[in-house]
Amino acid sequence: MPYNSLESALLDLEKHGMLLRIREEVSPDLVMPKVAEIATRESLPALLFEHVQNSTFRAAANIFGTRERARFLFRKTLRKAETAIAFHGDPAAILKNPKLWPSLPSIGLSALPVKSFKAPVLAQTTTLSKLPQIRLHKDDGGTFLTLPQVFSQMPGERSMLKSNLGMYRIQTSGNDYVQDAECGLHYQIERDIARHHEAAIEQGKPLKVSIWLGGPPAHTIASIMPMPQELSELLFAGLLGGRRFRYTEYDGWKVSSDADFCILGELAPTLKPEGPFGDHIGYYSAKHEFPYLNVKKVFCKKNAIYPFTTVGRPPQEDSIFGELIGELVKPIVPQSVTGICEMNSVDAAGVHPLLLSIGKERYLPYVQEREPMELLKEANALLGFNQVSLSKYVFIAAREDSPNLSTRNFVDYFVHIFERIHLDRDIHFQTETTIDTLDYSGRALNHGSKVIFAAAGSPIRSLGNSTDAFSSLNLPDGFSNPKLAFPGALVVEASPSANMEALASSLANWEAREKFPWVTVADDASFTAKNMDNWLWVTFTRSDPAQDIYGANSHFQNKHWACNAPILIDARMKPQMQPAVEEDPKIEALARDILYRAQKQK
Numbered sequence: 020m021p022y023n024s025l026e027s028a029l030l031d032l033e034k035h036g037m038l039l040r041i042r043e044e045v046s047p048d049l050v051m052p053k054v055a056e057i058a059t060r061e062s063l064p065a066l067l068f069e070h071v072q073n074s075t076f077r078a079a080a081n082i083f084g085t086r087e088r089a090r091f092l093f094r095k096t097l098r099k100a101e102t103a104i105a106f107h108g109d110p111a112a113i114l115k116n117p118k119l120w121p122s123l124p125s126i127g128l129s130a131l132p133v134k135s136f137k138a139p140v141l142a143q144t145t146t147l148s149k150l151p152q153i154r155l156h157k158d159d160g161g162t163f164l165t166l167p168q169v170f171s172q173m174p175g176e177r178s179m180l181k182s183n184l185g186m187y188r189i190q191t192s193g194n195d196y197v198q199d200a201e202c203g204l205h206y207q208i209e210r211d212i213a214r215h216h217e218a219a220i221e222q223g224k225p226l227k228v229s230i231w232l233g234g235p236p237a238h239t240i241a242s243i244m245p246m247p248q249e250l251s252e253l254l255f256a257g258l259l260g261g262r263r264f265r266y267t268e269y270d271g272w273k274v275s276s277d278a279d280f281c282i283l284g285e286l287a288p289t290l291k292p293e294g295p296f297g298d299h300i301g302y303y304s305a306k307h308e309f310p311y312l313n314v315k316k317v318f319c320k321k322n323a324i325y326p327f328t329t330v331g332r333p334p335q336e337d338s339i340f341g342e343l344i345g346e347l348v349k350p351i352v353p354q355s356v357t358g359i360c361e362m363n364s365v366d367a368a369g370v371h372p373l374l375l376s377i378g379k380e381r382y383l384p385y386v387q388e389r390e391p392m393e394l395l396k397e398a399n400a401l402l403g404f405n406q407v408s409l410s411k412y413v414f415i416a417a418r419e420d421s422p423n424l425s426t427r428n429f430v431d432y433f434v435h436i437f438e439r440i441h442l443d444r445d446i447h448f449q450t451e452t453t454i455d456t457l458d459y460s461g462r463a464l465n466h467g468s469k470v471i472f473a474a475a476g477s478p479i480r481s482l483g484n485s486t487d488a489f490s491s492l493n494l495p496d497g498f499s500n501p502k503l504a505f506p507g508a509l510v511v512e513a514s515p516s517a518n519m520e521a522l523a524s525s526l527a528n529w530e531a532r533e534k535f536p537w538v539t540v541a542d543d544a545s546f547t548a549k550n551m552d553n554w555l556w557v558t559f560t561r562s563d564p565a566q567d568i569y570g571a572n573s574h575f576q577n578k579h580w581a582c583n584a585p586i587l588i589d590a591r592m593k594p595q596m597q598p599a600v601e602e603d604p605k606i607e608a609l610a611r612d613i614l615y616r617a618q619k620q621k
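So the sequence shown is residues 20 to 621, counted in the numbering used here.
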């Protein structure tokens with residue numbers, strides 16, 4: 020049977036040995052999140068905290084913490100959801116497969132939201148301060164909801180099919196918020212709720228917003244599903260949950276009947292400071308002015324369970340969300356962005372800083388030496404596609420050059436690009452544009468640049484895979500400790516005052532420069548080159564393309580920036596960047612002791 024609540028899903032996990040109960044009282048301030056983070060990192064079971072310090076509510080975490088567990092939760096519905104999404108992506112292909120026809124009517128019926136007569140979530144009222152006061156990192160500006168389902172509609176809209184369900188950061192205490200009467204609502208650019216809020220302000224009306232917590236697991240996944248604007252996330256909640264989304268109304272607000280908690284409020288027309296917060300890129304996002312909610316009511320069901328997740332440098336639990344959703348939406352990408360065969364917003368690089376893609380290069384097939392042409396059209400289309408438009412570094416390769424190339428095999432992918440890219444032709448910048456709100460590498464909040472690296476054709480260079488060539492490397496003052504990250508990729512350590520132009524000039528004369536066409540300049544070369552995750556994280560989160568890309572013999576031709584090998588990325592920490600989230604050994608030790616005792620009691 021489909022899950023009708025969060026608790027039914029947790030009991031099912033427990034029945035199959037996938038849940039660990041934490042019976043001792045645990046503090047929600049730093050400790051509970053660290054227990055959950057360790058559990059995710061080490062592929063431990065989902066967690067149910069039965070006694071939360073200073074709260075009467077239980078709390079659950081690491082619910083989706085492994086690929087196997089996420090698939091288990093949707094084992095009876097995932098295939099139907101995949102079929103429905105594939106049908107949206109290519110109806111003709113589905114209709115040519117008669118075996119799928121019988122399932123289509125039931126799939127459509129399960130997707131439609133339905134108004135319910137019973138709403139367990141309205142059983143009793145509570146306040147924000149009575150919820151588990153989760154603070155994830157020591158420099159966070161207060162407590163936050165980390166798995167909220169935020170529902171909004173255009174002012175005056177009544178149809179549930181014309182609505183948006185998103186997951187945005189909700190600060191419930193700290194800063195200037197009036198306790199229990201206000202909470203932050205940090206939505207970013209490219210979100211439908213922004214359009215709803217703007218329309219409400221223009222009409223001089225308050226925007227009613229509902230924030231739901233818990234309920235069937237499919238509701239959480241639906242809130243981060245990148246649905247087309249004309250399709251509500253509630254349809255996907257029904258598809259993936261195998262059960263129509265149930266809702267009711269309360270004084271003009273829409274309420275998820277099966278949620279554990281429901282916060283009802285109105286978005287204020289003004290802004291208040293929100294943050295700081297240790298975010299999923301792995302750094303703190305600073306305090307900024309953002310919208311906030313005037314809280315009117317907080318409801319909860321009897322024996323409600325408060326769900327939360329951890330946020331920090333990947334991988335975290337949201338990495339599993341991303342993988343699951345990536346698999347589900349894969350069939351609709353070719354329809355949405357013609358020519359794209361595969362794409363991967365790289366989790367290890369913080370998602371939006373780096374997009375790897377594979378397209379088709381079919382222009383001018385009679386030309387003997389192929390070059391990126393159609394690929395550029397496809398890459399620019401990606402930069403206009405849904406949340407992918409926030410990507411900062413975009414790499415695109417031609418499927419025709421390597422049929423087995425995958426964006427998931429990072430070394431092979433970058434080697435493919437580095438072997439083929441013409442640095443004087445195949446690098447394309449977009450300057451003075453928008454970037455992710457959480458990315459502080461640009462010149463100001465939301466302001467930075469983007470770059471496309473496109474490669475098509477035969478290899479033009481052979482990459483170095485040995486440190487032997489480093490003996491002829493003449494580094495200028497301030498640069499040291501050259502390291503090999505992988506074939507063709509060099510990492511060089513630099514002091515804060517080291518001059519990038521001096522390094523570019525020096526490397527222009529290096530006899531092995533074509534063998535190492537990519538150089539990452541970092542504060543700590545040993546750390547950056549230690550593994551692929553470190554290289555991805557440092558290189559692409561700590562640099563802004565327009566400000567931080569250099570090259571040997573760089574020049575402009577017809578306003579196009581060009582260079583010779585190698586290209587250099589200044590990935591040192593800059594003054595405008597926020598500090599990285601750091602581990603607290605004492606909290607880590609305390610959390611491990613709690614996990615040890617819980618496993619021993621099991």
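Just so you know, even glycine gets a beta-carbon here, dropped at the ideal spot from N, CA and C.
- Per DSSP, PRO604 is one residue of the alpha helix (DSSP H) stretching across 604 to 620.
- Burial check for ASP487: the Cβ neighbour count within 10 Å stays below 16, so the residue is exposed.
- Take the alpha-carbon of VAL470 and the one of THR450: they are about 8 Å apart.
- Taking C-alpha positions only, VAL348 is separated from ILE479 by approximately 35 Å.
- Excluding five sequence positions before and after GLY341, the CB atoms of its chain that fall closer than 6 Å to its own CB belong to ASP366, given in chain order.
- Spanning the alpha carbons of LEU259 and THR146 requires a straight line of approximately 31 Å.
- Under the 8 Å Cβ criterion, the stretch 429 to 443 does not count as touching the stretch 393 to 408, having fewer than three qualifying pairs.
- When DSSP states are grouped into helix, strand and coil, ILE446 belongs to the strand group.
- For THR453, the pairing in a beta bridge is given by DSSP as HIS466.
- Annotated as distal: GLY461 and ASP589, with beta-carbon spacing of 8 Å or more.
- A straight line joining the alpha-carbon of GLU530 with that of ARG444 spans about 22 Å.
- Of the other Cβ atoms in all chains shown, 16 or more fall within 10 Å of the Cβ of ARG88; this residue is therefore buried.
- Listed in chain order, the alpha helix (DSSP H) elements of length 4 or more contained wholly in the stretch 327 to 379 are 336 to 348, 352 to 355.
- Contact check for PHE280 against TYR325 passes: the beta carbons are separated by less than 8 Å.
- GLU176 counts as exposed, since fewer than 16 other C-beta atoms from the protein chains shown sit within 10 angstroms of its C-beta.
- Excluding sequence positions up to five before and after GLU336, its CB lies within less than 7 Å of the CB of THR59, ASN81, PHE83, GLY84, THR328, THR329, all in the same chain and listed in chain order.
- Nearest neighbour of LYS502 by Cα position, chosen from VAL511, ARG427, PRO132, MET244, turns out to be VAL511.
- In the structure shown, ASP458 falls within a coil segment according to DSSP collapsed to helix, strand and coil.
- For the pair of segments examined, the stretch 270 to 289 was found to touch the stretch 226 to 239: the number of CB pairs separated by less than 8 Å reaches three.
- Under the 10 Å beta carbon count, TYR187 is surrounded by 16 or more other beta carbons and is classified as buried.
- CA-to-CA, the gap between PHE498 and PRO585 works out to about 16 Å.
- With contacts defined by Cβ atoms closer than 8 Å, SER251 and LEU180 form a contacting pair.
- Distance between SER477 and ALA417, taken at the CA atoms: about 11 Å.
- Of all alpha-carbon atoms in SER364, VAL314, LYS321, PHE318, the one lying nearest the alpha-carbon of SER338 is that of SER364.
- Residue environment analysis places ARG591 among the buried positions, since at least 16 neighbouring C-beta atoms fall within 10 angstroms of its C-beta.
- Sorting LEU555, GLY507, PHE448, LEU97 by C-alpha distance to the C-alpha of LYS578 places PHE448 at the top.
- In this structure GLU380 touches GLU419 by the C-beta definition: roughly 6 Å separates them, less than 8 Å.
- Taken in chain order, the unbroken stretches of alpha helix (DSSP H) that lie wholly in the stretch 232 to 268 and span 4 residues or more are 236 to 241, 252 to 260.
- Annotated three-state conformation of HIS435 is helix, per DSSP.
- In its chain, beyond the 5 residues on either side, VAL365, ALA367, ALA368, LEU373, PHE429 have a beta carbon closer than 8 Å to the beta carbon of LEU555.
- About 7 Å separates the Cβ atoms of PRO225 and ALA219, confirming a contact at the 8 Å cut-off.
- Secondary structure of THR426 (DSSP, three-state): coil.
- Here the C-alpha atom of ASP612 lies approximately 19 Å from the C-alpha atom of ARG154.
- Bridge pairing for TRP554: absent [DSSP].
- Under the DSSP assignment, VAL314 falls in the beta strand (DSSP E) whose first and last residues are 307 to 319.
- By the neighbour-count criterion, in which 16 or more other beta carbons inside 10 Å mark a residue as buried, LEU290 falls on the exposed side.
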